[in-house]
Amino acid sequence: MDTHLCFRINKPKVIYETFEDEQVIINLDTGNYYSLDRVAADIWGLIEQGLTVGDVIEGMACRYAAGSRSEIETEVKKFIAILQQEALIVPAEAKTGTPVPTGVSPEAAKQAFCPPALHTYSDMQQLLILDPIHEVDETGWPAKKQESSR
Amino acid sequence: MRHPGNQEKADILTPPAFFESVYQAFQKAQVRGDGPVDHFYDIAGCSIRLSFASCALVPYITPAFTHLTAQANSKPDLTICLWDSASTNTEMPPPPWSGADYIPRGEIRGFNDEGMMTVVQQDSGIFNMLDMKRNMAVYWIQDAQQVPYYESGAPLLRIFHGWMAGCDRQLVHAGSVGLEEGGVLLAGRGGSGKSTVALSCIGSQLLYAGDDYVLLSHEHQPRAHSLFNTGKLDADNVWRFSHLKEMISNPDALDSQKALLFLSDYYPEKIIKDLPIKALLIPRITGKAKTTLARASQMEGVRALAPSTIFQLPNTGHATLQRIARLVKQVPCYFIDLGSDISDIPDTILNLLADEDLILD
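Which chain is which? The protein sequence lines are A and D, in order. Here our numbering is used: the first residue of the first sequence is 1, the next is one more, and so on. Here our numbering is used: the first residue of the second sequence is 1, the next is one more, and so on.
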């Protein structure tokens, strides 16, 4: 993945809120929803600021201590690719003037890096009626379907 | 495929214009149906008029709201005009959209914006249209006798969701029970045990606000407002509720329907109109004997409440999630692990509500 790429949150199809250190994300189009752990939520926050992939990696390296910087780079790129695949983020123009993360925290103050986790829940998909109405009566209104137990 | 002639109409019929044409049809239906038959309700502090064009829909719609009956009000906050074509011999104007414009959750593409909500319930063909500026809605079905039993258990859900959101009241997929001084919200997807918890409290000290849908407000503290006095039980769960058996409104249809109960017909004193929310409970069916509580995180709370609310209702989005998040961040969340003996569920909730440490964050 090119580190000059930039993404934005796929609003308004994607909505999200932060709870404690975690994030819940809902994709209104697919019916999937997600929870992000702290590391993943931090990456999400940096993407939200309009940073390039390279700057997101830089920002994470400032906050987290890992065995090597390349470990952070690999995991961040992998995670961003998953977010894009799930249509939670889409490519965007890089924002000019977005402050790039600076000021590396002392190693002792950094939190240990662990691979970002995106938990996917698809149990609500059946609530979206994905099959649109095909049957209409002579007046143009939907023909009544068989009553189901609800 | 667009219906013959509808392309021309679509150019003319904007959402407000289509609303007006449907309202004119309602007025004709009202003359032919010997209406209006008006019923008034006080719902979440708002005066609501249900104006029926004929009597045909009344028994399918009003029983769920009996506990909220109010005096006639010449200036209601919201008027809902209800009619069916069969009893009034009045045709509904043809829709100015095509089959491809029906999108998930029944919304009609191009007919939903900040001022207008248009939804066709795809299982029953029930048409709902809300004009937020005029505080008026229309609700139509071809034939009143086609109203599904589950619609009678939770009628006008989409209209109340749309209109109440404009009054900062959020319809949520949750039940609620408690005391006047405080209660719990019961969150979880269908089949999680919300109704089991809520209906197990009938006959206890706890009062009932709903088992599946309630309205949430947040003026000084989070409050749940009752919308329907109904309860639903899976047919294979009815045996656990022997004291409620006589209340089942559809006993001969349990092979294909859930048992539907209108509680205010039998326990009017057990229905509460609104109550402050002190905790969010997430039912889990365990198979163990005893019912117990376990602390849940905010994330677990929001996962139980937000997705099933958002994906069931039309025109939901970030504002809905924000209102739910506000509640979840303010009250503690617990799992209520349901035992096989439902008789200790009310005491488990009463003990929680009596806990002096149960204060809002």
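Positions of the beta carbon are idealized from the N, C-alpha and C atoms, including for glycine.
Check                                                                                                                                                                                  : Outcome
Quick check for students: name the residue ranges of the alpha helix (DSSP H) that lie wholly in the stretch 53-118 of chain D, counting only runs of 4 or more.                       : 58-61 and 85-88
Is F40 (chain D) closer than 8 Å to A70 (chain D) when the C-beta atoms are compared?                                                                                                  : yes
Under a three-way DSSP split, which group does A209 (chain D) fall into?                                                                                                               : strand
Can you name the residues that DSSP bridges to D337 (chain D)?                                                                                                                         : D:R284 and D:T292
Residues of chain A with CB closer than 9 Å to the CB of G45 (chain D), please, in chain order.                                                                                        : The contacting residues do not exist; G45 (chain D) stays about 27 Å from chain A at best.
Applying the criterion that 16 or more other CB atoms from any shown protein chain within 10 Å of the CB defines a buried residue, is G115 (chain D) buried or exposed?                : exposed
Tell me whether F113 (chain A) sits in a helix, a strand or coil according to DSSP, three-state version.                                                                               : coil
Smallest Cα separation from R323 (chain D): which of D:G182, D:V58, D:T309 and D:P314?                                                                                                 : D:T309
Three Cβ pairs or more, each shorter than 8 Å: is that satisfied between the stretch 194-213 of chain D and the stretch 174-184 of chain D?                                            : yes
Tell me, which residues are paired with K245 (chain D) by DSSP?                                                                                                                        : Note: K245 (chain D) sits in no beta bridge, so no partner.
With H, G and I counted as helix, E and B as strand and the rest as coil, what does DSSP make of N351 (chain D)?                                                                       : helix
Any C-beta of chain D within less than 7 Å: which residues of the stretch 8-21 of chain A qualify?                                                                                     : P12, I15, E17, F19 and E20
Hey, would you say V214 (chain D) sits closer than 8 Å to L206 (chain D), going by beta carbons?                                                                                       : no
In whole angstroms, give me the CA-to-CA distance for G203 (chain D) and T291 (chain D).                                                                                               : 18 Å
List the residues of chain D whose Cβ lies closer than 7 Å to the Cβ of G45 (chain A), in chain order.                                                                                 : Within chain D, no residue comes near G45 (chain A); the closest Cβ sits about 16 Å away, beyond 7 Å.
Give a yes or no on whether the C-beta atoms belonging to Y23 (chain D) and C81 (chain D) are separated by under 8 Å.                                                                  : yes
Could you check where the alpha helix (DSSP H) with K77 (chain A) kicks off and where it finishes?                                                                                     : R69 to Q85
Just to confirm my understanding: we take M124 (chain A), look at its own chain, exclude 5 residues before and 5 after, and list those with CB closer than 6 Å. What are they?         : G31
So what does DSSP say about L199 (chain D), is it helix, strand or coil?                                                                                                               : helix
In chain order, what residues of the stretch 87-115 of chain D put their CB closer than 8 Å to some CB of chain A?                                                                     : E91, M92, P94, P95, G99, A100, Y102, I103, P104, R105 and G106
Is it buried or exposed for K270 (chain D), if we count other Cβ within 10 angstroms and need 16 for buried?                                                                           : buried
I'd like to check one pair, I141 (chain D) with S152 (chain D): are the Cβ atoms closer than 8 Å?                                                                                      : no
Going by beta-carbon coordinates alone, are V76 (chain A) and I43 (chain A) separated by less than 8 Å?                                                                                : yes
Count the other C-beta atoms from every protein chain shown that fall within 10 angstroms of the C-beta of H161 (chain D), then say buried if there are 16 or more, exposed otherwise. : buried
Smallest Cα separation from D84 (chain D): which of D:K329, D:D265, D:A306 and D:V147?                                                                                                 : D:V147
Between the stretch 35-51 of chain A and the stretch 343-357 of chain D, do at least 3 Cβ pairs fall closer than 8 Å?                                                                  : no
Between the alpha carbons of C62 (chain A) and G317 (chain D), how many angstroms are there, rounded?                                                                                  : 34 Å
Whose CA, out of A:A143, A:S122, A:R69 and A:E93, lies closest to the CA of C114 (chain A)?                                                                                            : A:R69
Looking at S51 (chain D): is its Cβ nearer than 8 Å to the Cβ of T88 (chain D)?                                                                                                        : no
Does the beta-carbon of S74 (chain D) have 16 or more other beta-carbons within 10 angstroms, so that it is buried, or is it exposed?                                                  : exposed
By the 10 Å Cβ neighbour count, where 16 or more other Cβ atoms means buried, how is H4 (chain A) classified, buried or exposed?                                                       : exposed
Give me the residue from A:V24, A:D21, A:D2 and A:L28 with the minimum Cα distance to K11 (chain A).                                                                                   : A:L28
CB-CB under 8 Å to Y60 (chain D), same chain, minus the five flanking residues each way: which ones, in chain order?                                                                   : A144, V147, E151, S152 and P155
Please tell me whether K278 (chain D) and G183 (chain D) are closer than 8 Å, where the distance is taken between their beta carbons.                                                  : yes
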